[in-house]
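This report refers to the structure that appears directly beneath it.
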Amino acid sequence: MEQLAGYGLTTIEVHYYMPDHPALLQMFAFQQYDLAPRFPRLGGFLDHWRREIDAALHSIRIAHRHLIGPQEYRAVNGVITIN
Numbered sequence: 071m072e073q074l075a076g077y078g079l080t081t082i083e084v085h086y087y088m089p090d091h092p093a094l095l096q097m098f099a100f101q102q103y104d105l106a107p108r109f110p111r112l113g114g115f116l117d118h119w120r121r122e123i124d125a126a127l128h129s130i131r132i133a134h135r136h137l138i139g140p141q142e143y144r145a146v147n148g149v150i151t152i153n
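Counting from 71, one number per residue, gives the positions in the sequence shown under the working numbering.
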């Protein structure tokens with residue numbers, strides 16, 4: 071149902087430094103459904119990161135793809151029953 075509300079698959083790469091290894095750039099990647107261009111779920115994740123994780127953010131890369139576009143969705147008026 072989220073797809074019909076405009077959500078799409080978002081791939082996020084978070085590049086960060088740990089305090090005990092400041093010369094080592096590390097990466098964390100994950101996917102979730104989110105709303106472009108505001109990305110409220112990503113914003114919530116980043117708020118959590120800043121509060122709870124002891125690592126300095128370096129950069130964030132985002133790739134987003136709407137899974138259902140206007141040309142791909144159409145309402146069907148009727149039901150077909152196959153016995």
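Cβ atoms here follow ideal geometry from the backbone N, Cα and C, with glycine treated the same way. None of the values given here were measured: they were computed from a predicted structure.
Could you tell me if T81 is buried or exposed, where buried requires 16 or more neighbouring beta carbons within 10 angstroms of its beta carbon?
exposed
For R121 and P92, what's the separation of their Cα atoms in angstroms?
19 angstroms
So for P110, helix, strand or coil by DSSP?
helix
Outcome for D104 when other beta-carbon atoms lying within 10 angstroms are tallied against a minimum of 16
buried
Are the beta-carbon atoms of E155 and R135 separated by less than 9 angstroms?
No answer is possible for residue 155: the residues shown for the chain start at 71 and end at 153.
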